[in-house]
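Undergrad: This is the structure I have questions about; it appears just below.
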Amino acid sequence: MKNSMLAAAFSLVGLGLLACPWARADSDTFMDLRSIPALQGDPAAGKAGSATCAACHMQNGISVVGLFPNLAGQHAEYLYWRMRTIQQEARADSPMTALLADLDDAELRNFSAWYASLPPADHSDSANGAAAHASEGARIWNEGDATRGIPPCQGCHGRNAEGHPLAAKAIRWRLVPVLRGQHADFVIQRLKAYRDGSHTLTSSARMMNGAAANLDDASIEALAQWIESGDSM
Amino acid sequence: MHRQSGHRVLLAPLGGLLLLAGNIAHADSGIGVDMWRGNVLDPRGGADSRPLDPRGTSWLSPRQRRSPSGNLYLCPAASPEQTKLGEWLFSGSLDIGFVGVSGDEDNALWNRYADWEDGFILGLLQLEFLRPRDGSYASLRASRISDDDAYFDAMFGRAGSYKVHAFLRELPNALSDSVRSIWNGVGSNHLTLVDPLQAGASTSGQVGAASRAAIERQISVNRSKQGLGFSIYLDPRWSAHADVSNEQRKGARPFGGAMFFNFPFPDNGGILETLRPVDDATVNLNTGLRYAGSKWRLDFAYSGSFYRDRYTRFDYEMPYALSPVIPGAVSAPLQRGQFATEPDNDYHNIKAAITRKLGNAGEFSLTASLGRMSQDDSLIAPIDCQGVFGIGLGGSLQLGPQNPFLFDCSQWNSNAALPRTRADMRIDTSLVDGRIVLHPLESLSVRAGLRFNREDYRGSWLAFNPLNGAYGYVSENGAQGSVVPGEVGFWYPGAGASNLTRIRNLPLDLQTTEATLGADWRISEGNSIGADLVVNRFEPGNREREQVDFRRISLNWTNRALDWLTLRAKLSHLRQSGDRYNYDPYEFTFSSSLPGFVEPEGGVPAHTVDALRKFDLASRDEDKFSLIATIALGDDMTLGASLNGMRNDYDASLGRQSYDTHGGTVQWDWQPNPRFMASAYFGRDFSTLELANVNDQALDPDPSLGGPTYPLDAVWSDRDRQRNAYAGASFKASLKRVAWDGNWTWVNARGSNNYAFASPSALAYFSDGSSVPGNAFPDTRYRVNAISMGLRVPLGERLSLRVFDTWARGRFEDWHYAGMDETRVIEHRVYTDGGPRGYRNNLLGMLLQVRL
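Protein chains in written order, with the numbering used here: chain A, 387 to 619; chain B, 1468 to 2319.
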């Protein structure tokens, strides 16, 4: 009995070990960002080379055009991997494609570190106050909409859109962008891209594809307005 | 309520629910009826049919997550490939093929819960529809292995809104494949002797020949359960649910057939193993309304259960004649025995619970519930006989004063012999439970609770026969009183005025009050200790103690200070004691409490020995420990080990004296990536139960141990040991669409029973003290060794083939069934079930898996 028991056990383990080399991860153009290292960059070097960036995103990282996102105070890891994604996607219709095409990895790191070091826009004088708080956008942000399968945004982006509360402790949460005060036009563009499945290249995008899948245009508009208002809950 | 088709039960509410679902759009409560459907081919409800998801568990982290106890969570199955059908996404698969069994294919233990049959099977049919726009979904899952093993599971709804869920589940349960019946009518409630046996007139030799000639057959009890559930969010905070299920059981199982003792009277009486029918239905109903707000939670619920048995009673023919112990007398020709089946009964419970969140993550909750268990089934007559029962003196079976031990069946064989014709009994229950959890410090959690529970018996039963003024119940279907004069089981004036017998029911009212107090303190990051104190007062009615108190203190320690190690330890001590132990609180239930009772010469015999302590009320000390270590060997491997032990010391010279257990396990898991996982485990556990008792030697009033009724030389003791070992290993691997899996399980369980006795007086039937050498029965053993392998290969874009094989061997030894292969009829004892048998089987299966 003992012999047959041992034989069965060894056979199983042996067969399993033989099978083990089969196991390997997929590798294609998909960018799996779930185990990225902390970003190392030189903010001073980033500042020195940021003249072209500043043309749209401004020297202080707070743009004045709605389609150009604010970069000041954004997580460096988010900025870096966003630029890497733009390079990988190489969309012909994006002005960023040409601007980033020739930048090397060190430059991307430096720009990311520079804009992350800038103070974000000040929303202490947010004028919308209670009205924004009571808006449809605030409701979706805070509670989601269970009847439509929409999760609450604050679960990942923070209660007041200041980013994930654990971003300082775990690198993966620094891929979740700070959204407070972000331009509504930019937010609308991004949410529609996630919803419609035109941005799927990264693991982060895959997460947002699901989160945005059931947002209709009106909800996206409402969310974007609330985010741009810079109001707090 | 009477039994009805489960399908009818389902259809009526389904129509109403469908109409309701169409009008209200809300959410999914997650509550359902019997949520898990599966069978031996699909034990995890379809999860095994899908490869693991190569993307891992979550887009947030590439690593396998670990549970708070340090174990790896299983990698999830891959999402099915979906096809667009307008607004809907559809996925479906069909597994169809055949299985073939070789070896001991009719073996009951092999077929238990499976009922394998050679031939075509529906491995799995799975259809899923999703509409992302609003979260609507519908699904169907079905499988069918044999006539008695199939399931069907369907649901539809809208995420966050409502869900309707219906199922059908059939579960075979083969009990034995070695039954030889001397009766016809197995499965019905009327067993008649096979030809040429004659009721009340057959010899042991004739019955033995009939038993040997009977074809060995399988008996089983198969279940079929149907259910329907509905849940809905009335708004984001209020939800409601209603679930109903109906389970039917049908078949037969070995049962008793008492016609007086045969062991001390080799050619008399009859101990029969009959086959009782099982044909019943249970309807369960659960419904509730819930509110979940940010501060308050409310829960109102009703649950009901309604059991209905098709039969009120079953009867069987008795093959043997009875003969009296008095020379020259004659026994009544009894031919039939009977049993009542389980009574129809109803259960209702209503519950209300309220929970309030307090500051610092504290919480207070209060729960109250009321319940009622009732039965009011028709009662059966005390005996199923015609003519007379008992003993006729002088060879005459004529009723009259000359025959004080002969009784008229007509005064006992109808409901007129009962004080009422229906049971009319119930138990009311009530419960109040309050709990509070506070966090006075960030590192300190304190909890307290108070629980009050009552069970009140309503209704009483006095076994009075209005036809003749007797009290009690006819014992052994009249057989006892037809062998020994006057031992009829009932008290009656005259010759039976000293009969000591039970005449009334025993209400076991119960009140339990329990207070708990506990705290957890996080000493440092990853290091915490806790303590709990439970004080319980148990106040049973009409038991040996009016009050039993136990106090349990437990300490626990959890350490996660090291990233790779989670340690959990728990230690507890319980002390149970109570007020004075009254060894005999049952006097009022005996005929000796009747006004006309005549004390027999020498006094009323003791009901039991005064030194006996019943284990649930006995004073005792219990110590328990457990130690669990979970070691993370890197990100993808876990080694776990556990040790546990328990010691119970009872303050009893007779009764249960000790119950000790200890054991340990080792488990290893490895999930290097989603395409490969392997695990192995090994465990051992041991238990020892020791008890002692005394054989009564005289009908004497003295209840003391060492007295004439219970002398010390009649004391015996028993030591029951159980030793179990179990092991297993499994792996699952895949390369693109080729998948391979293997599984091995091994169980080796051994039970030993040793006994000791002061003298042959302690033994019931082995008066010479040497009939069973070695003071031990042979060990009972249960050994199963099974290995299975499976391979799935793609045959095309939508087609794959799964080939699987299971080899299994089971070996069983049970001395209770020793000699059953040679004969099942010994003197007047008739055994029907030959006991469990070993098997060595191979199951080969092929399934064509089609992605629809």
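Don't be surprised by glycine CBs; every beta carbon is placed ideally from N, CA and C.
Between A:S618 and chain B, is there a C-beta pair that is closer than 8 Å?
TA: For A:S618, the answer is no, since every Cβ of chain B falls outside 8 Å of its Cβ.
Undergrad: For the segment 523-552 of chain A, which residues have a CB atom closer than 7 Å to at least one CB atom of chain B, in sequence order?
TA: Residues passing the 7 Å Cβ filter: A532, T533, R534 and G535.
Undergrad: Thinking C-alpha only, which one of B:G2277, B:L2319 and B:R2291 is nearest B:N1574?
TA: Cα-wise, what sits closest to B:N1574 is B:G2277.
Undergrad: Enumerate in chain order the residues of its own chain whose CB-to-CB distance from B:K1824 is below 7 Å, with the five nearest sequence positions on each side excluded.
TA: Excluding residues within five positions, the ones whose Cβ falls inside 7 Å are K1762 and E1830.
Undergrad: Is B:R2307 helix, strand or coil by DSSP?
TA: Looking at B:R2307 - three-state DSSP - the assignment turns out to be strand.
Undergrad: Answer with buried or exposed for B:E2331, where buried requires no fewer than 16 other C-beta atoms within 10 angstroms of its C-beta.
TA: The structure shown has nothing for residue 2331 of chain B, since chain B only spans 1468 to 2319.
Undergrad: If we define contact as Cβ-Cβ less than 8 Å, is A:M417 a contact residue for chain B?
TA: A:M417 does not count as touching chain B.
Undergrad: Please list, in chain order, the chain A residues whose beta carbon lies closer than 8 Å to that of B:P1599.
TA: Near B:P1599 (Cβ distances below 8 Å), the residues of chain A are G535, A599 and N600.
Undergrad: Using Cβ-Cβ distances below 8 Å, what residues of the segment 573-596 of chain A are close to chain B?
TA: From the segment 573-596 of chain A, only S589, S590, R592 and M593 have a Cβ closer than 8 Å to chain B.
Undergrad: Helix, strand or coil for A:A554? Go by DSSP, reduced to three states.
TA: It is coil, neither helix nor strand.
Undergrad: Taking the beta strand (DSSP E) that A:G432 falls in, what are its first and last residues?
TA: Run containing A:G432: none in the beta strand (DSSP E); it sits in the alpha helix (DSSP H), P429 to A434.
Undergrad: Just to make sure I have the definition right: I need the residues of chain D whose C-beta is within less than 8 Å of the C-beta of A:R558. Which are they?
TA: Absent from the structure: chain D. Protein chains present are A and B.
Undergrad: Three-state secondary structure (DSSP) at B:V1674?
TA: Helix at B:V1674.
Undergrad: Run through the DSSP bridge pairs and tell me what B:V2214 is partnered with.
TA: B:Y2193 and B:V2251.
Undergrad: Between the alpha carbons of B:I2293 and B:G1737, how many angstroms are there, rounded?
TA: Distance between the alpha carbons of B:I2293 and B:G1737: 10 Å.
Undergrad: Interface residues of chain A around B:S1628 at Cβ under 9 Å?
TA: Here the neighbours are A532 and T533.
Undergrad: Would A:R468 count as contacting chain B if we go by Cβ distances under 8 Å?
TA: Cβ-Cβ to chain B under 8 Å: no for A:R468.
Undergrad: If we ignore side chains and look at the alpha-carbon of each, how far apart do B:Y1580 and B:A2028 end up?
TA: Their backbone Cα atoms lie some 45 Å apart in a straight line.
Undergrad: Mind listing the chain A neighbours of B:G1570? Cutoff is C-beta to C-beta under 8 Å, in chain order.
TA: The contacting residues do not exist; B:G1570 stays about 16 Å from chain A at best.
Undergrad: For A:D414 and A:R592, what's the separation of their Cα atoms in angstroms?
TA: For A:D414, the predicted structure reports a pLDDT of 46, less than 50, and the residue's modelled location is therefore unreliable. The matter cannot be settled from this model.
Undergrad: Grab me the residues of B:V2317's own chain with a C-beta within less than 7 Å of its C-beta, minus the 5 sequence neighbours each way, in chain order.
TA: These residues qualify, in order along the chain: S1560, L1561, R2265 and L2266.
Undergrad: May I ask you to list, following chain order, the residues of the segment 1602-1614 of chain B that have a beta carbon less than 8 Å from some beta carbon of chain A?
TA: For the segment 1602-1614 of chain B, which is checked against every Cβ of chain A, the residues closer than 8 Å are G1602.
Undergrad: Under a CB-based cut-off of 8 Å, is B:P1703 close to chain A?
TA: So yes, B:P1703 belongs to the interface.
Undergrad: Go ahead and label B:Q2056 buried or exposed: buried means 16 or more other beta carbons lie within 10 angstroms of its beta carbon, across all protein chains shown.
TA: Residue identity check: residue 2056 of chain B is Thr in the sequence provided, not Gln. When all chains shown are included, B:T2056 counts as buried.
Undergrad: Going by other Cβ atoms of all chains shown within 10 Å of its Cβ, with 16 needed for buried, is A:A610 buried or exposed?
TA: With 16 or more other Cβ atoms within 10 Å, it is buried.
Undergrad: Can you give me the C-alpha to C-alpha distance between B:L2172 and B:L1977, rounded to a whole angstrom?
TA: About 30 Å.
Undergrad: Between which two residues does the beta strand (DSSP E) carrying B:I1738 extend?
TA: First-last of the beta strand (DSSP E) with B:I1738: G1737 to L1739.
Undergrad: Anything in chain B within Cβ reach of A:S449, meaning under 9 Å, just list it in chain order.
TA: Simply none; closest approach about 29 Å.
Undergrad: When we look at the beta-carbon of B:Q1531 and count the other beta-carbons within 10 Å, is it buried (16 or more) or exposed?
TA: With 16 or more Cβ atoms within 10 Å of its Cβ, B:Q1531 is classed as buried.
Undergrad: Is the distance from the Cβ of B:D2102 to the Cβ of B:N2115 below 8 Å?
TA: Not a contact, by the Cβ cut-off of 8 Å.
Undergrad: At the level of alpha carbons, what is the spacing between A:M594 and A:A458?
TA: Distance between the alpha carbons of A:M594 and A:A458 is about 22 Å.
Undergrad: Can B:A1799 and B:L1866 be called in contact, C-beta distance under 8 Å?
TA: No, Cβ-Cβ distance for B:A1799 and B:L1866 is not below 8 Å.
Undergrad: Can you list, in chain order, the residues of its chain with a C-beta nearer than 6 Å to that of B:G1838? Leave out the 5 residues immediately preceding and following it.
TA: Around B:G1838: N1816 and T1896.
Undergrad: Is the beta carbon of A:P455 closer than 8 Å to that of A:H569?
TA: Yes, the pair counts as a contact, with Cβ atoms nearer than the cut-off.
Undergrad: Beta strand (DSSP E) containing B:H2283: first to last residue?
TA: Segment: none, B:H2283 is in no beta strand (DSSP E) and carries neither H nor E.
Undergrad: Would you please state the rounded distance, in angstroms, between the beta carbons of B:A2231 and B:N2160? I believe it to be under 8 Å.
TA: So it is not a contact: roughly 11 Å between Cβ atoms.
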